[in-house]
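Asker: Sharing a structure with you now.
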Amino acid sequence: MKLTILGGGGFRVPLVYRALLGDRAEGRIAHVTLHDVDAARLGVITRVLAEQAAGAADAPVVAATTDLDEALRGADFVFSAIRVGGLAGRAADERVALAQGVLGQETVGAGGVAYGLRTVPVAVAIAHRVAELAPDAWVINFTNPAGLVTEAMSRVLGDRVVGICDSPVGLGRRVARALDVADPAGAEIDYVGLNHLGWLRGLRVAGRDELPRLLADTEALGSFEEGRLFGAEWLRSLGAVPNEYLHYYYFNREAVRAYQGAGPTRGAFLRDQQAGFYAAGTRPGASALAAWRRTLADREATYMAASREAAGAGGRDRNEPESGGYEKVALALMRAIARDERTTLVLNVRNRTTLPVLDEDAVIEVPCSVDAGGPRPVPVDPLPYHAVGLVTAVKAVEREVLAAADSGSRATAVKAFALHPLVDSVSVARRLLDAYTGAHPGLAYLAKH
Ligand code: G6P
Ligand code: MN
Numbered sequence: 001m002k003l004t005i006l007g008g009g010g011f012r013v014p015l016v017y018r019a020l021l022g023d024r025a026e027g028r029i030a031h032v033t034l035h036d037v038d039a040a041r042l043g044v045i046t047r048v049l050a051e052q053a054a055g056a057a058d059a060p061v062v063a064a065t066t067d068l069d070e071a072l073r074g075a076d077f078v079f080s081a082i083r084v085g086g087l088a089g090r091a092a093d094e095r096v097a098l099a100q101g102v103l104g105q106e107t108v109g110a111g112g113v114a115y116g117l118r119t120v121p122v123a124v125a126i127a128h129r130v131a132e133l134a135p136d137a138w139v140i141n142f143t144n145p146a147g148l149v150t151e152a153m154s155r156v157l158g159d160r161v162v163g164i165c166d167s168p169v170g171l172g173r174r175v176a177r178a179l180d181v182a183d184p185a186g187a188e189i190d191y192v193g194l195n196h197l198g199w200l201r202g203l204r205v206a207g208r209d210e211l212p213r214l215l216a217d218t219e220a221l222g223s224f225e226e227g228r229l230f231g232a233e234w235l236r237s238l239g240a241v242p243n244e245y246l247h248y249y250y251f252n253r254e255a256v257r258a259y260q261g262a263g264p265t266r267g268a269f270l271r272d273q274q275a276g277f278y279a280a281g282t283r284p285g286a287s288a289l290a291a292w293r294r295t296l297a298d299r300e301a302t303y304m305a306a307s308r309e310a311a312g313a314g315g316r317d318r319n320e321p322e323s324g325g326y327e328k329v330a331l332a333l334m335r336a337i338a339r340d341e342r343t344t345l346v347l348n349v350r351n352r353t354t355l356p357v358l359d360e361d362a363v364i365e366v367p368c369s370v371d372a373g374g375p376r377p378v379p380v381d382p383l384p385y386h387a388v389g390l391v392t393a394v395k396a397v398e399r400e401v402l403a404a405a406d407s408g409s410r411a412t413a414v415k416a417f418a419l420h421p422l423v424d425s426v427s428v429a430r431r432l433l434d435a436y437t438g439a440h441p442g443l444a445y446l447a448k449h
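Okay, so the sequence shown: first residue is 1 according to the numbering used here, each after it adds one.
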């Protein structure tokens, strides 16, 4: 089996490779091809992987290229983990939004719209190359904003593209731990929404929903990240535990203020941190793997720090794995498909008839039953009205982003910003688009009226 990783010079690639090294089973990935537009980054990551593989007798063979077509030919699986505009672009997304007094997170609010507007055309172009050169490959999309980008690619690839995020599985794991569930892997998660916009409404263990027990237990609610972010009282009001990214909605003023007050934004912090890592990774004689490990630990410890600060939620939980675990979700998905091992995973797939308030092609995040035929959403209870409101409003924004990427229309791009629940004025939306097009060469295509 051959796996191609687009964005192969990216910082998280060694997590994927480490997971592959741990997979000894029949039908495992034997060849990995890294593709990136930046040869220097590819070189550094290749060094890290070589150090990881040292000593492993049958480590997956690694190749690297800057030629997309060459990378795609013969691929059984394609991971798409690109970052259009790089981390400098992410920092600009944040800065521009904050200057207008609105949130500039990479997936939520104005920042997510800006990032989507410049990523969708690139993701669609990639999807066309995959359709032509590797039509039977499964594409696993990690590129944020993951739900939107998956939907864009699904217009070309249909159900052959599946979006991945580790936050729902992480939430399920944390809730199971707070409940002292003996076998967390056996617990059944009732979770649905869009990517970074979903709610855990239940956790069934041996057929019984244990969430009510958690909601009644203030101490247990204070023992995990989302419990501290949202507070016991608000979780009881909702009767559910929201994805951590809903903090940006439910505590928007506080989040914006915390972001404005935090020295460098998340994107600026990572831009500088990663620049240091990639520079260190070329130094002869030094261990690129050691530099990578240090950088990873630092990145994880500061994840969502501004939100935790706004909520007075304290530091990152030491029980958390050193990555959110998204590479494990990806590996589990590949295994289920390649070996026809049926399992259930929370994935970003087309809605079909799962949520009746959305059309069939809308990509949603939902538990799916996966086997050789790919993922199929499992039936879920309908969303309550407050969640329907957010989900449909944000899906409407995503549709405007897709339409703007298709047509190059500025008016449509303004509409995408203006309709977002976290952008509170059409004038602000206009100023956002002007400032973003000034900051990002990747938005030059939005030249038409
Ligand atoms: C979580 C999110 C991802 C995001 C990652 C890293 O796992 O679900 O979508 O890419 O965190 O966030 P960071 O701020 O470190 O880039
Ligand atoms: Mn995510």
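Glycine included, every Cβ here is placed at the ideal spot set by N, Cα and C.
Determine, for A280, whether the minimum Cβ-Cβ distance to residues of chain C falls below 8 Å.
Answerer: In the structure shown, chain C does not exist; there is a single protein chain.
Asker: Between which two residues does the beta strand (DSSP E) carrying Y249 extend?
Answerer: Working through the sequence shown from its first residue, we reach residue 249 at position 249. Taken as a continuous stretch (DSSP letters only), Y249 belongs to no beta strand (DSSP E), being part of the alpha helix (DSSP H) at 247-250.
Asker: Does the Cβ of T343 have 16 or more other Cβ atoms within 10 Å, making it buried, or fewer, making it exposed?
Answerer: Position 343 of the sequence shown, counting from 1, holds the residue named residue 343. Counting Cβ neighbours within 10 Å, T343 comes out exposed, since fewer than 16 surround it.
Asker: Classify R350 as helix, strand or coil using the three-state DSSP reduction.
Answerer: As a working mapping, residue 350 is identified with position 350 in the sequence shown. R350 falls in the strand class under three-state DSSP.
Asker: Can you tell me the Cα-Cα spacing of L117 and Y436, whole angstroms?
Answerer: If you number the sequence shown from 1, residue 117 lands on position 117. If you number the sequence shown from 1, residue 436 lands on position 436. C-alpha separation (whole angstroms): 10 Å.
Asker: Could you tell me whether any non-hydrogen atom of the ligand MN is closer than 7 Å to the CB of S167?
Answerer: Reading the sequence shown from its first residue, position 167 is the one you call residue 167. For the ligand MN, at least one heavy atom lies less than 7 Å from the Cβ of S167.
Asker: Would you check whether the ligand G6P has a heavy atom nearer than 7 Å to the C-beta of L270?
Answerer: Position 270 of the sequence shown, counted from the start, is the residue given in the question as residue 270. Yes, since a heavy atom of the ligand G6P falls inside the 7 Å radius drawn around the Cβ of L270.
Asker: Apart from the five residues on each side of it in sequence, which residues of its chain come closer than 6 Å, Cβ to Cβ, to T29?
Answerer: Looking up residue 29 in the sequence shown gives position 29. Looking at the sequence provided, one finds Ile at residue 29 rather than Thr. M1, L3, L20, P60, listed in sequence order.
Asker: Are there any heavy atoms of the ligand MN lying less than 7 Å away from the beta-carbon of N195, as far as the coordinates show?
Answerer: For the purposes of this step, residue 195 is identified with residue 195 of the sequence shown, where counting begins at 1. Yes - the ligand MN has a heavy atom lying nearer than 7 Å to the Cβ of N195.
Asker: So L6 is in the beta strand (DSSP E); what residue range does that whole segment cover?
Answerer: Residue numbering aside, residue 6 sits at position 6 when the sequence shown is read from its first letter. Unbroken beta strand (DSSP E) run through L6: 2-6.
Asker: Between which two residues does the alpha helix (DSSP H) harbouring R47 extend?
Answerer: Indexing the sequence shown from 1 puts residue 47 at position 47. Where R47 is concerned, the enclosing alpha helix (DSSP H) stretches over 39-53.
Asker: Going straight from the alpha carbon of P356 to that of L345, what length do you get?
Answerer: The residue you call residue 356 lines up with position 356 of the sequence shown. The residue you call residue 345 lines up with position 345 of the sequence shown. Straight-line Cα distance between these residues: approximately 21 Å.
Asker: Quick one: is the Cβ of A275 within less than 7 Å of any heavy atom of the ligand G6P?
Answerer: As a working mapping, residue 275 is identified with position 275 in the sequence shown. Answer for A275: no, Cβ out of range of the ligand G6P.
Asker: Please classify Y17: is it buried, with 16 or more other beta-carbons within 10 angstroms of its beta-carbon, or exposed?
Answerer: Mapped onto the sequence shown, residue 17 falls at position 17. Under a 10 Å Cβ-count criterion, Y17 is classified as buried, with 16 or more other Cβ atoms of the shown protein chains found around its own Cβ.
Asker: Run through the DSSP bridge pairs and tell me what A63 is partnered with.
Answerer: Here residue 63 refers to the residue found at position 63 of the sequence shown. DSSP lists T33 as partners of A63.
Asker: Kindly give me the distance between the Cβ atoms of N195 and P145, rounded to whole angstroms, as I take these residues to be in contact under 8 Å.
Answerer: Counted from its first residue, the sequence shown places residue 195 at position 195. Counted from its first residue, the sequence shown places residue 145 at position 145. Their Cβ separation, rounded to whole angstroms, is 7 Å, which keeps N195 and P145 in contact under 8 Å.
Asker: Taking only the alpha-carbon atoms, compute the straight-line gap between F77 and D217 and give it to the nearest angstrom.
Answerer: Locating residue 77 in the sequence shown gives position 77, counting from the first residue. Locating residue 217 in the sequence shown gives position 217, counting from the first residue. Rounded to the nearest angstrom, the two C-alpha atoms are 44 Å apart.
Asker: Looking at A146 and the ligand MN, is the gap between the Cβ and the nearest heavy atom below 7 Å?
Answerer: As a working note, residue 146 is residue 146 in the sequence shown. Indeed, a heavy atom of the ligand MN lies less than 7 Å from the Cβ.
Asker: Regarding Y115 and the ligand G6P, is the C-beta to nearest heavy atom distance less than 7 Å?
Answerer: As a working note, residue 115 is residue 115 in the sequence shown. Incorrect: Y115 has no Cβ contact closer than 7 Å to the ligand G6P.
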